[in-house]
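Taken in sequence, the protein lines are chains Z and A.
The number in my numbering is simply the position in the first sequence, starting from 1, with 8 added.
The number in my numbering is simply the position in the second sequence, starting from 1, with 3 added.
So the structure is just underneath, and the comments pick up after that.
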Amino acid sequence: MKINQLLIAIFVGAQFAVAALADDAPTNSTEAAEIAALKQEIQKLDQKVSDLENQRQTEQATAVNPDKDQIQDLDQKVRILERERELDQDAAATTAKTQPKIVLGPNGFGFSSADSNFVATLHGLIQSDSRTFIDDGGGTLGKNTFLIRRARPIFTGTVFHDFDFNFTPDFGNTTVQIFDAYLNYHYNPELQLEAGKFKSPVGLEALQADTWTLFNERSIVTDLAPNRDIGVELHGDLFSGAVSYAAGIFNGAPDFNGTTVNQDVNDNRAFAGRFFFQPWKTSSVVALQGLGFGVGGSYEVDHGTNTDLTPGYRTDGQQNFFTYSSGVFADGTHWRISPQAYYYYGPLSLSAEYLISDQRVTKGGISADLQNTAWEISGGWVVTGENASYNGITPKHPFDIKKNQWGAWQVVARYADLNIDNAAFPIFATTGSASEAKAWSVGLNWYLNRDIRVNASFSRTTFTGGGGTTGLGPITSQPENVVFTRIQLAF
Amino acid sequence: MKTILKILLILSLAVSADAREVKLLNVSYDPTRELYTEYNAAFTKYWKAKTGDDIVVSQSHGGSGKQAQSVIAGLEADVVTLALSYDIDAISQQAKLLPANWQTRLPNNSTPYTSTIVFLVRKGNPKGIKDWDDLVKKGVTVVVPNPKTSGGARWAYLAAYAYALESYGHDDAKAKDFITKLYKNVPILDSGARGSTITFSQRGIGDVLLAWENEAHLTLKEFGADKFEIVTPPLSILAEPPVAVVDKNAKHHGTTEVATAYLNYLYSDEGQEIAAKNFYRPRNEAIAAKYAANFTQLKLVTIDQEFDGWTKAQQTHFADGGVFDQIFQPQN
C-alpha cells in the first residue's frame, strides 16, 4: 500500500510540476537550463514509476503461479489415487470371480468353487440320549443308559450343477456304519436318478429325517419297513410338488434292519416305490396345504436266505419282543404295502401309517406266508405357536435368556400297534416272542433354535403272548416303561 | 421358364437347408475392439455370400499377456490375435494348442498389419514433449500400461529402450539408466492399453500417454482434436501384432476351416482397408499408399535388430527379476 501511495504522490507531483513549468515561459538561459534539468528529472521519475509498476505486477504474478502449480500437482495426485483405487477394485472383482467361497451358518459349513461347479457342505448330527427303564422290577433286559444314539458327519454337495451327492457315516451306538452314500442326478425337479445307498421309498415314518422325528425312536410300525438299501431309483416331484413319486430296484432289505450292509449276499432283487400326493400344496386353501397322503410298497422274491429276515422287531426301548427262531429262512415272495398320510396346519401335526409286511418263510420243510401288520397314529402341538412340518420346526424366538426368549415348545403323543401273524407261532418264532405289541408315548420337545433340540418322553409298551423265562420271555412278560431324554445338535 | 424357376427355388432351399451357424472365439489384445467390430461384420458377410453359413464371432479383449494366460488356462479361443509373437509362443509351448512353427503359416510372419508407439499429449502440448528425452524430465508424468500384462506396454518399453541404445552408442548401462528415469515418471500401471487410455483421456492423469498408434488416433476421434494431439517421435519401434489359429481348439469345435479363412481374410483388400481405416499400418503396399496421410513417417527399429528377438527381450527385460523388475518402483 505504501509503495502505491508513494507512486501516486510522485506521479501527481510530477504532473503539477510539468503544468507549472509549462505555464511559466523561460525568461533567461539559466532558467531554461533549470527547466531542462527538471524535465530530465521528471522523465527519470516517470521511468521509475513505470519500473516500479512493472515490478509490482511481476511480483503479483509470481505470487499466484506457485499456488496454481501446487494445486495442479495435488489434483494429479488425487486423480492418481482415485485411479489406483479403481484399478484395485477391478482387480479384486476379477480375483473374487476365481476365488472359492466359504460359508458358515445354521445349515453347516459350506464351500464352493468360484464357478459353482463344485459345492460341498458339511453338516452334522449328534444325538445324546438317555434311556431309563422304570417299574421293570429287574425283569426286562433293558439297561438304563446314556448313549450316543447318532453321531454323523454328513457330507453333501453338488458337482457341475446337476449332480448331488451325500456321504453319511454314523459313529453312534456301538457300530460304525455307512448310512448314506449316493449320487443323485437331477435333470429337473420332475426327473431325478439316484444311485447308491439311501432310504428305501416305503415307510412314511422311516423316510422322515432322523433330526425331526417326534420321539427319540420311531414307532413299532417302522419295524416292518425297510431301512436303507442299495440300488437305483427314479424319482421326482410333479406339478410343483403336488405329486411325488419314487420307483427303484434294490438289493432288498429285511424288515427293520438296524445295522445296514453295503453289499448283497444273494441274487435277489427288490422293487420298491411310492406315490405321495399333496393336492392342495400350492392352493389358496391354507387349511389343506399341509395334507398329504400316499402309498408305498415293495416286492421281492427270496430264495432260502436268512439274511432277508428281520433280526427282530423292537420296542421303543429297543428291546426285541419278536424274533424268528433258528433255522427259519425267507423263502418266497416278500411284499409290503403302506398306505400313509400326514396333516400339518399351523402348530398342529398329525401322522398315520398302516403297514403290511407279508413274507413267506420256511423252516425244516414247513413253509408259511406270514403277514405281519402294524399301524400308528401320532400328533403334536407347538404350544408356542410356530408352524409344525414334516421337516421340523423353526422357533420364532430362539432361546436367549437375556432377551427372555424361550424357543419353541411342542407336546407330542403317539399310539402304535404291531401284530405278528399267528401262523408264526410256535414254529417260526423264538420262545417268548410276543404276538402283539401296543405302545403309547407322550413327550415334550423343546426347540431352542433350528439347530438344537431337547426332548423328554415316556413310552409304555404292553405285549400279548410271549412271557416266560426263556428266550424273549423276560422282555415280554411285563410291560416296558421307558423314559427318554435327548439333547440334539443338527446343522 | 417356370420349370427353371422351380429348379432354382429348390436349389436355393437346398442350400439354405444346409446352411449352418458357426461360432468363433477371437481372443485379442486390448485396443483392437473397434478394428474387429468392423472386420467381423465384413468377414461374416463375405463368408455368408461364399458358403451360405452364418458366422458368429465372439471377442475377448485384454492385456496381451493376460489373454495368452487365459487361453493357456482353458479359454477356448479358435483364433488369437495378440500384440506380440512371444505371447502366442507361450500358448504353443505351455498348452501345446498350436505348433511351434505357427508364425510361418501366414504371410509376413503372420502379421497382417503393423503399428508403432507414439505419444499422445494434451492439446497445446504444454510440457513441450517432442522426443523420448522429454519423457525423463522432472515434472513430466508418463502414462503407460504394465509390461508384465500388456503387449503394448512391452512395445513401448522396448521403443524407449531402443531410443536410448541408439542415442548412447548401445551402452546398456546408460540405456538402463534412461529407462529407470522414464519409469520414475510413471505413477500408475494399468493392465492393458485401453486401461491406460482411460487413465489418460478420461481420468485426466499424466502429461503424455505412450500409446499404440491406432489407439492414439481413436482417442482423438472420440474426444476431439481440441483435447489431445499426437506427437510422433523421430524414432520408434516396429510393432508386429501376430494372428494364429489355435489348432486344438478349432479342431475340437470343428471350426478349423472357418478360423483359417477368418485370418486369411485379414490379408485381403477389404481386410487391409479395414485395418488402415482403424489406423493400423497395412501390409498391402497399395492400400498403405492410399492411407499414407494417416501415418507419419518415422524411423522404425525392429525387435530383432535391437534386442535379438522376443525370446531374448522377454527373458532380459520382462521375466521375473528382469530389468523392468529391477528398475520400477511404484510411486505414492
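All C-beta atoms, glycine included, are put in the ideal place defined by N, C-alpha and C.
The C-beta of Gln84 (chain Z) comes closer than 8 Å to at least one C-beta of chain A. In the structure shown, Ser375 (chain Z) adopts extended strand secondary structure according to DSSP, grouped into three states. Given a length threshold of 3 residues, each whole run of the beta strand (DSSP E) inside the region 22-73 of chain A is given here in chain order: 24-32 and 57-65.
At a Cβ-Cβ threshold of 8 Å, Ala292 (chain A) and Pro34 (chain A) do not count as neighbours. Distance between Ala159 (chain A) and Ile91 (chain A), taken at the CA atoms: about 19 Å. Contact annotation, Val124 (chain A) with Asn188 (chain A): C-beta distance approximately 14 Å; criterion of less than 8 Å not satisfied.
Sorting Z:Gly249, Z:Tyr423, Z:Asn412 and Z:Ala338 by C-alpha distance to the C-alpha of Phe283 (chain Z) places Z:Gly249 at the top. The secondary-structure analysis by DSSP pairs Tyr423 (chain Z) across a beta bridge with Z:Ile385 and Z:Trp448. As DSSP reads the structure, Lys302 (chain A) sits in a beta bridge with A:Leu238.
Under the Cβ distance rule, Ile88 (chain Z) counts among the residues neighbouring chain A, one pair being separated by less than 8 Å.
The alpha helix (DSSP H) runs lying completely inside the region 140-226 of chain Z and spanning 4 residues or more are 212-215, given in chain order.
Contact check for Val121 (chain A) and Val234 (chain A): beta-carbon distance about 7 Å, within the 8 Å limit, so the pair qualifies. Between Ile191 (chain A) and Glu92 (chain Z) the beta-carbon gap is near 6 Å, inside 8 Å, which marks them as a contact. Nearest in C-alpha terms to Lys302 (chain A), of all of A:Arg36, A:Gly66, A:Ile240 and A:Thr263, is A:Ile240. For Ala255 (chain Z), the enclosing beta strand (DSSP E) begins and ends at Val251 to Phe258. Proximity of the region 409-421 of chain Z to the region 387-395 of chain Z meets the contact definition, three or more beta-carbon pairs being nearer than 8 Å. Taking 8 Å as the cut-off, the Cβ atoms of Asp263 (chain Z) and Ala447 (chain Z) do not count as close. Of the candidates A:Leu238, A:Phe203 and A:Ala278, the residue whose Cα lies closest to the Cα of Phe226 (chain A) is A:Phe203. The three-state secondary structure of Thr129 (chain Z), taken from DSSP, is strand. Segment contact: the region 247-262 of chain A against the region 69-79 of chain A, three or more CB-CB distances shorter than 8 Å; contact assigned. Chain-order list of chain A residues neighbouring Arg91 (chain Z): Ile191, Thr202, Arg206 and Ile208, by C-beta distance under 8 Å. For the region 132-149 of chain A, the residues whose beta carbon sits under 8 Å from a beta carbon of chain Z are, in order, Thr144. If you look at Pro347 (chain Z), you'll find it isn't in any alpha helix (DSSP H); it sits in the beta strand (DSSP E) that goes Phe337 to Tyr353.
Residue pairing from DSSP leaves Asn457 (chain Z) without any beta-bridge partner. Of Z:Asp188, Z:Glu90 and Z:Thr370, the smallest CA-CA separation from Ser333 (chain Z) is found for Z:Thr370.
Here the alpha carbon of Pro347 (chain Z) sits roughly 6 Å from the alpha carbon of Gly304 (chain Z).
In this structure, DSSP gives Pro262 (chain Z) a state outside helix and strand, which the three-state scheme calls coil. A residue is called buried when at least 16 other Cβ atoms come within 10 angstroms of its Cβ; Arg226 (chain Z) meets this threshold and is buried. Restricting attention to alpha helix (DSSP H) runs no shorter than 4 residues, the region 63-122 of chain Z encloses none.
In the three-state scheme derived from DSSP, where H, G and I count as helix and E and B as strand, Ala163 (chain A) is classed as helix. Residues of chain A whose Cβ lies closer than 8 Å to the Cβ of Leu95 (chain Z) are, in chain order, Ile191, Asp193, Ser194 and Gly198.
As DSSP reads the structure, Ser467 (chain Z) sits in a beta bridge with Z:Ser449 and Z:Val490. Restricting attention to A:Leu161, A:Asn128, A:Val145 and A:Gln70, the CA atom closest to the CA of Gln318 (chain A) is found in A:Leu161. About 15 Å separates the Cβ atoms of Leu85 (chain A) and Tyr265 (chain A), ruling out a contact at the 8 Å cut-off. Segment contact: the region 207-225 of chain A against the region 272-287 of chain A, three or more CB-CB distances shorter than 8 Å; contact assigned. Collapsing the DSSP output to three states places Trp414 (chain Z) in coil.
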